[in-house]
């Protein structure tokens, strides 16, 4: 979040509260445009005493360490695949990877705040992962750690750990549910266990040091328990807005989510106070969107540009063992907005070439393109499960900014042999009921 236009009242042109991806991007952009900027950042230690510096969630406990550990798991699988390719390994080693520290431009003043630095409001820049659910489970805070669910479970399984995911409702909420099912099906085949429709009840530490978890199976209504070395809570993140004194400034907060209500220009209900990133209501909780929004806001505050952030069709990837990437609407959301009869869904299963020699199961490698049925058949959503899903989807996301249509996709020449080329060949509709298995050239 950043507060701007303080000329003549304070020592800085722009004050940025929060040293995460969005705050740093905004502050560095503003500094490069000649503004005097201060960044206020504070990270309150977690229940386990964990603390970090600049960079926010992504750099310290999110995207960066997650992707590196995901890569470590993929390399482990590659070692196994190598045997099928005739490669023999004499020694296998696993290294633990830690996060990277972010740096800030020398043109920006960085203030490592504590709660007494600013008298008018308490400053706390941490976005907690502990939510109401944990407070209702005895032993949860004392004995658990926090992060994201399926991605962590995937790479933990990949490095050889016995991992179980407890799910109280559905997997990958907010994503296309057919694609989510493919991801969890692959993970189960990959070795991750799932306890579906279960709710945790309590966590107890045994004399042996292991943790005994008791949960309720919502289908059988029976309590069950098992022991684990580590319990990781992945129940979502809540914004740390209660310590900012926003109510004293008159900044409007969504009472249900705790997030700051913003307009298209990132403005809050108070003049000269803006909010960007995860703390903003209705914005994607994604690092690149926060960075871009921060840069655009800085340019507007410096009166160098007037462009607003476009939050439509932002691509994203879930780095599970079988990666899932998407851009645009899910099939369910497209049906809600346009009606089932107004959309056409093209789909195909495919087998990545690298899976053939390794004899890997490709039954969850799948492509789905959701289009309007009439007119030029504008593409509404694109979904892809398979190797390097994020790398594949990043390029196709450009097409969404140019109004891509289904004929545009078919007229694109694929690069052979790649998984990405399968998107340019998809021609079978769900409506037809035909077999969607790809059968070669």
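Residue numbers (the numbering used here): 14 to 454. Note that CB positions come from ideal geometry on N, CA and C, so glycine has one too.
- In this structure, the beta-carbon distance from residue 367 to residue 328 does not fall below 8 Å.
- Where residue 397 is concerned, the enclosing beta strand (DSSP E) starts and stops at 392-398.
- For the pair residue 307 and residue 42, the CB atoms are nearer than the 8 Å cut-off.
- Here the segment 332-350 makes no contact with the segment 418-431; the two share fewer than three CB pairs at distances below 8 Å.
- Assignment of beta-bridge partners to residue 337 by DSSP yields 331 and 398.
- Counting only residues of its own chain and dropping the five nearest sequence neighbours on each side, residue 317 has a CB closer than 6 Å to the CB of 46.
- With a 10 Å radius around the Cβ and a threshold of 16 neighbouring Cβ atoms, residue 155 comes out exposed.
- Beta-bridge pairing by DSSP links residue 228 to 213 and 237.
- The straight-line gap separating the alpha-carbon atoms of residue 226 and residue 185 is approximately 23 Å.
- Rounded to whole angstroms, the gap between the alpha carbons of residue 352 and residue 387 is 12 Å.
- Following the DSSP letters along the chain, one finds residue 157 inside the beta strand (DSSP E) bounded by residues 157-159.
- Shown here for residue 300: same chain residues with a beta carbon closer than 7 Å to its own, the five before and five after excluded, namely 34, 71 and 76 in chain order.
- About 5 Å separates the Cβ atoms of residue 382 and residue 359, confirming a contact at the 8 Å cut-off.
- When the beta-carbon positions are compared, residue 189 and residue 344 come within less than 8 Å of each other.
- Here residue 298 has 291 as same chain residues with Cβ atoms under 7 Å from its own Cβ, once five neighbours each way along the sequence are excluded.
- Counting along the chain, residue 428 sits inside no beta strand (DSSP E), nor does DSSP assign it H or E at all.
- With respect to residue 244, residue 167 sits apart: the two C-beta atoms are not nearer than 8 Å.
- Within the DSSP bridge table, the entry for residue 179 names 208 as partners.
- Annotation for residue 229: 212, 214 and 236 place their beta carbon closer than 6 Å to its own, counting only its chain and skipping 5 residues before and after.
- Residue burial is scored here from C-beta neighbours: residue 252 has at least 16 other C-beta atoms within 10 angstroms and is therefore classed as buried.
- In the displayed model, residue 70 falls within a helix according to three-state DSSP.
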